[in-house]
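Protein sequences appear in the order of chains A and U.
So the mapping is simple: the numbering used here equals the position in the first sequence, first residue as 1, plus 6.
So the mapping is simple: the numbering used here equals the position in the second sequence, first residue as 1, plus 1304.
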Amino acid sequence: MKLLDDILVLDFSQFLSGPSAGLRLADFGAEVIKIERSGIGDICRQLYVSDVMIEGESTIFHAINRNKKSYAADLKNPVDLEKVKQLIKKADVMMHNFRPGVMERIGLDYETVKALNPSIVYAEISGYGNEGPWRDLPGQDLLVQSVAGLTWLSNNKGTPPTPMGVAVVDILAGTQAAQGILAALYQRAVSGEGALVQVSMLEAILDFQFEVLTCFYNDGNELPERSKLSNGNPYIAAPYGIYETASGYLALSMGNVPLLGRLTGCDELLKYTDPADWYDKRDEIKSILSAELLRQSAEYWLSVLIPADVWCAKVLDYDQLRKEESYRELNMEIKVKTANGITVTTTRCPVRVDGELLVSSAGAPLLGEHNREIEERFGLTV
Amino acid sequence: MSHLPLKGLVVLEFSQYLSGPSAGLRLADLGARVIKIERPTGGDACRSLSIKNLWIEENSLLFHTINRNKESFTADLKNPDDLELLKQLIRKADVITHNFRPGVMERIGLDYDVVKEINPRVIYAEISGYGKTGPWADRPGQDLLLQAVSGLVFTTGNAEDAPTPFGLSIADSLCGAQLVQGVLAALIRRHKAGKGAHIELSLLESLLDFQFELLTTYYNSGQLPERSTISNGQPLLSAPYGIYPTKDGFIAIAMTPLQQLADVLNCAQLRRYTQDEAFAKRDEIKQELLEFLAQETTNHWLGMLKKHDIWAIEVMDWRQLVEHEGYKVLGMSQEIRTASGKTVTTSRCPIRLNGKRLYSDRPAPMLGEHTDAIIRELKLFIKENQLQG
């Protein structure tokens, strides 16, 4: 039995935050139906990236929406809206990521939906919460990273604010929405009560920074200072960071500086015996270490450092990673197939349950692909 | 929902540092009773790991941040008496988490197969660095190293920059969050089917999952993602996506059609490019935009951009953020009073339930603070069970 067998999820959300939550629920065994705008669908269908597309649709749409169904509806059309409401009566979960006020105007806000289906778990993801001066701003990943202070943590001192190069806000907001939905579904199983779950992208990314924000809150609002070179995390002492070698790059985690000096034959590092200096003099230490590590290849340094249990790794790109036995051992790649016969290689759900991988070969749906099936199965009539 | 959703559930947290304990924190904030199982000497190694040398008595502020709202039970897992006591505790538990390296729980004798015998309904959730098999299985699962091997460091910074890690522990945070998802979904199944579950995650799988958009594009095109040379925001995205310096600060601009941006900013240089060129010529386009935006202040540009609902915003640091009404209105921070009477400000759980924010002012436990009380409770439990039996 799958973890979420018999759970029906209606996903009105678009792009990445909500749909990534829907994907996780689908992989856990829920039936996830995307409710998409007739004719256009989830705007992500047209969000082409790096000029790569699969049969006219974006690669990322296929990655995010595999293992789901699609029901196309015009929510401004009373007939369609009525059918969707009938579907809502059968659903366990519904979610959306419209800007605040949109679902109220459509007439599918929580209060209305609760009257139709009191035990539903209703989840919404906003950009900045439903209150305050930012509530109507577009909740977009880069923009939320930019206001949340996140761009001052990565890259070296002296470089401009540097965003994290993956949609970290969307993904964390989706992850937390899924947590809230699952906790509420558990409670519903126990008590029968539904719930409203709300997550905002801004709160999600503040939560991500909880360790360093707590530091900021309690040390008199000192801002983070990235190190001048090989910045790994502004709050962590040398040698933490990535270093160029004669061939390839080497990542060094937290470690004992004089020990590194002994192992690499770099006498200049031996004098840093006080661990407090590893933070206070991190730029100085990193600069000495940088020069030293350039002398040999990353492979060479690994052969010296790993036997001494120094925490380090060689930096790999996707081509290199894909050749590693440890990567292949994970069986992370899956092939999914769409209704029009396209095969897409993508990644599977990262969670293993009872020793089994959670895999599904169902590709992303065509827009409205399941309208007829859903209308018949749930008897949607007006 | 008249109370927190996980009320009544008991979680035993054998985890240390961030990945597992961040999962415990979320479960605690959602209402579970989370008991840290710690070594009698030193406990969770995070107790003595500080950032910026900030301490609350003998424990780091970092430990307090990650472990608030939990209890602490000390046990020497190599001592048979302690182990026996723990097994009693496991009978009462709903969830167990650990993030030891593969093989450690087997040696202690608390691996899933053993625990399942003691308590078939338990959800046993574990985090490894790189999975349990393969040549990397025994490597240290530390965040930066996972970023380095997973390709993530080629997403951030500009093309000429060295591989650039995320300046926070993304693998730990994500993996902990996914562990919570697995645990909660398994609890739902348990309620219906009566059986427990074994949930396994690794930091590496979490980071690969995190990059699923990039990886899917790479798998199907065979092309490595390339960071743009200027204002890289995300390697897959076209111009203008990125952060640009202005006369007095920085401005972030997300996906925007080039002609619309040219019109709104009145930027003749941008008009030369068609939308079809927005990816192929992104470096050239971004260079034009960079030079153009440097001429005026952030507010000048934002005035023009916001009027047309263009996706743009000023880049802020935390000082600017916490002064802003948009932040204040969230009520994101909360105060916690530690056992010694010190006040720590930290952030709350980000999830709202039924319109309510979840606050908890309960501090992180001192090492072994709850050992005696839990033993007393256990004895009572054992006695009751014997009476019933």
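Yeah, the Cβ is synthetic: ideal placement off N, Cα and C, and Gly gets one too.
For L1662 (chain U) and chain A, any beta-carbon pair shorter than 7 Å? Here the question's residue 1662 (chain U) lines up with position 358 in the second sequence. With 7 Å as the cut-off, L1662 (chain U) does not count as an interface residue toward chain A.
Would you mind working out which of A:V90, A:G369 and A:N224 sits nearest N346 (chain A), comparing C-alpha positions? In the first sequence, counting from the first residue as 1, residue 346 (chain A) sits at position 340. Closest option to N346 (chain A), Cα to Cα, is A:G369.
Have a look at D273 (chain A) and L295 (chain A) and give me their C-alpha separation to the nearest angstrom. Taking the first residue of the first sequence as 1, we reach residue 273 (chain A) at position 267. Taking the first residue of the first sequence as 1, we reach residue 295 (chain A) at position 289. Whole-angstrom Cα-Cα distance: 10 Å.
In chain U, which residues lie less than 7 Å from E102 (chain A) when you measure between Cβ atoms? Taking the first sequence and counting its residues from 1, one reaches residue 102 (chain A) at position 96. Position check: residue 102 (chain A) holds His in this sequence, whereas Glu was assumed. Neighbours of H102 (chain A) on chain U: none; closest Cβ ~15 Å, over 7 Å.
Residues in its own chain within less than 7 Å of A1379 (chain U) by CB, not counting five upstream and five downstream? Reading the second sequence from its first residue, position 75 is the one you call residue 1379 (chain U). Short of 7 Å from the beta carbon of A1379 (chain U), and not among the five residues preceding or following it, lie these beta carbons of its own chain, in chain order: I1341, D1386, L1389 and L1390.
Count Cβ pairs between the segment 286-295 of chain A and the segment 1394-1410 of chain U that sit closer than 8 Å; are there 3 or more? Note that the segment 286-295 of chain A does not touch the segment 1394-1410 of chain U; fewer than 3 beta-carbon pairs, one per stretch, sit closer than 8 Å.
Neighbourhood of V1419 (chain U) by C-beta, 7 Å cutoff - its chain only, sequence neighbours within 5 removed: In the second sequence, the residue the question calls residue 1419 (chain U) occupies position 115. Correct list, in chain order: I1394, I1400, V1426 and Y1428.
Are there 16 or more other CB atoms within 10 angstroms of the CB of Q1451 (chain U), so buried, or fewer, so exposed? What you label residue 1451 (chain U) is simply residue 147 of the second sequence in a count that begins at 1. Q1451 (chain U) comes out buried.
For the structure I just gave you, are there three or more beta carbon pairs, one from the segment 1536-1555 of chain U and one from the segment 83-93 of chain A, closer than 8 Å? no
Note down the Cα distance separating K1646 (chain U) from E217 (chain A), rounded to an integer number of angstroms. For the purposes of this step, residue 1646 (chain U) is taken as residue 342 along the second sequence, with counting starting at 1. For the purposes of this step, residue 217 (chain A) is taken as residue 211 along the first sequence, with counting starting at 1. Whole-angstrom Cα-Cα distance: 18 Å.
Chain A contact residues for F1514 (chain U), given Cβ-Cβ distances below 7 Å: By 1-based counting over the second sequence, the position of residue 1514 (chain U) is 210. What F1514 (chain U) touches in chain A: V172 and I177.
Just the chain U side, please: which residues come within less than 8 Å of N227 (chain A) by C-beta, in chain order? Here the question's residue 227 (chain A) lines up with position 221 in the first sequence. Residues of chain U passing the Cβ test: W1622, R1623 and V1626.
Just to check my reading of the structure: H102 (chain A) and T352 (chain A) have Cβ atoms closer than 8 Å, yes? What is that Cβ distance to the nearest angstrom? Start at 1 with the first residue of the first sequence, and residue 102 (chain A) comes out as number 96. Start at 1 with the first residue of the first sequence, and residue 352 (chain A) comes out as number 346. 24 Å between Cβ atoms; not a contact.
Coil, strand or helix - A1643 (chain U) by DSSP: For this step, residue 1643 (chain U) is matched to residue 339 along the second sequence. Correct three-state label for A1643 (chain U): coil.
Rounded straight-line distance, which links the Cα of S236 (chain A) to that of T1533 (chain U): Numbered from its first residue, the second sequence carries residue 1533 (chain U) at position 229. Numbered from its first residue, the first sequence carries residue 236 (chain A) at position 230. Within the model, the alpha-carbon separation for T1533 (chain U) versus S236 (chain A) is close to 19 Å.
Taking the alpha-carbon of F1367 (chain U) as reference, which of U:C1653, U:V1648 and U:I1655 has the nearest alpha-carbon? Within the second sequence, the letter at position 63 stands for residue 1367 (chain U). Per the Cα distances, U:V1648.
Cβ closer than 9 Å: which chain U residues qualify as neighbours of C221 (chain A)? Within the first sequence, residue 221 (chain A) is the residue found at index 215, counting from 1. Residues of chain U passing the Cβ test: I1355, K1356, L1358, L1365, L1366 and T1369.
Limits of the unbroken beta strand (DSSP E) element including K1420 (chain U): What you label residue 1420 (chain U) is simply residue 116 of the second sequence in a count that begins at 1. Counting along the chain, K1420 (chain U) falls outside any beta strand (DSSP E), though it belongs to the alpha helix (DSSP H) covering Y1416 to I1422.
Taking the straight line between their C-alpha atoms, what separation do you get for Q1638 (chain U) and Q1446 (chain U)? Residue numbering aside, residue 1638 (chain U) sits at position 334 when the second sequence is read from its first letter. Residue numbering aside, residue 1446 (chain U) sits at position 142 when the second sequence is read from its first letter. Distance between the alpha carbons of Q1638 (chain U) and Q1446 (chain U): 29 Å.
Does the structure place the segment 1470-1487 of chain U close enough to the segment 156-163 of chain A that three or more beta carbon pairs sit under 8 Å? yes
Do we get a CB-CB distance below 7 Å when we pair R358 (chain A) with the residues of chain U? Reading the first sequence from its first residue, position 352 is the one you call residue 358 (chain A). Answer yes: the Cβ-Cβ gap between R358 (chain A) and chain U drops below 7 Å somewhere.
Where H1307 (chain U) falls, given that 16 or more other Cβ within 10 Å makes a residue buried: Here residue 1307 (chain U) refers to the residue found at position 3 of the second sequence. With fewer than 16 Cβ atoms within 10 Å of its Cβ, H1307 (chain U) is classed as exposed.
Any beta-carbon of chain A closer than 7 Å to the one on Y1523 (chain U)? Counting from 1 along the second sequence, the entry for residue 1523 (chain U) is found at position 219. It does: the Cβ of Y1523 (chain U) has a partner Cβ on chain A nearer than 7 Å.
Below 7 Å between beta carbons: does that hold for I131 (chain A) and V196 (chain A)? Counted from its first residue, the first sequence places residue 131 (chain A) at position 125. Counted from its first residue, the first sequence places residue 196 (chain A) at position 190. No.
For chain A, check one thing: does any of its Cβ atoms lie closer than 7 Å to the Cβ of V1315 (chain U)? Here the question's residue 1315 (chain U) lines up with position 11 in the second sequence. Judged by the 7 Å Cβ criterion, V1315 (chain U) is not in contact with chain A.
As an exercise, report each continuous beta strand (DSSP E) stretch of at least 3 residues that is fully enclosed by the segment 264-320 of chain A, in chain order. 318-320
Quick one: give me the first and last residue of the alpha helix (DSSP H) that D176 (chain A) is part of. Counting from one through the first sequence, the residue named residue 176 (chain A) turns up at place 170. V174 to S197 is the extent of the alpha helix (DSSP H) around D176 (chain A).
Label N239 (chain A) either buried or exposed according to how many other C-beta atoms from any shown protein chain fall within 10 Å of its C-beta, with 16 as the threshold for buried. The residue labelled residue 239 (chain A) in the question sits at position 233 within the first sequence. Counting Cβ neighbours within 10 Å, N239 (chain A) comes out buried, since at least 16 surround it.
Beta strand (DSSP E) segment containing Q1320 (chain U), residue limits: Here the question's residue 1320 (chain U) lines up with position 16 in the second sequence. Neither: Q1320 (chain U) is in no beta strand (DSSP E) and is coded neither H nor E.
By Cβ distance, which residues of its chain are closer than 8 Å to E1530 (chain U), with the 5 residues on each side in sequence left out? Indexing the second sequence from 1 puts residue 1530 (chain U) at position 226. Cβ within range, chain order: A1463 and P1539.
Quick check: what's the CA-CA separation for Y241 (chain A) versus L1448 (chain U)? On the first sequence, position 235 is the one that residue 241 (chain A) refers to. On the second sequence, position 144 is the one that residue 1448 (chain U) refers to. Roughly 13 Å separates the two Cα atoms.
Using CA atoms only, rank isn't needed, just tell me which of U:A1441, U:R1494 and U:K1683 is closest to P1424 (chain U). Residue mapping note: residue 1424 (chain U) aligns to position 120 of the second sequence, counting from 1. The residue with the shortest Cα to Cα distance from P1424 (chain U) is U:R1494.
Express the C-alpha separation of P166 (chain A) and V153 (chain A) in angstroms, rounding to a whole number. Reading the first sequence from its first residue, position 147 is the one you call residue 153 (chain A). Reading the first sequence from its first residue, position 160 is the one you call residue 166 (chain A). Approximately 14 Å between the Cα atoms of the pair.
Using only alpha-carbon positions, find the residue among U:G1498, U:I1339 and U:A1582 that is nearest to Y54 (chain A). On the first sequence, residue 54 (chain A) is found 48 positions in, with the first residue counted as 1. The shortest Cα separation from Y54 (chain A) among U:G1498, U:I1339 and U:A1582 belongs to U:A1582.
Assigned secondary structure, K163 (chain A) (DSSP; H/G/I helix, E/B strand, else coil): Looking up residue 163 (chain A) in the first sequence gives position 157. Residue state, collapsed to three classes: coil.
Going along chain A in order, which residues have a C-beta closer than 8 Å to the C-beta of I1534 (chain U)? The residue labelled residue 1534 (chain U) in the question sits at position 230 within the second sequence. Residues of chain A passing the Cβ test: none, with the nearest at roughly 10 Å.
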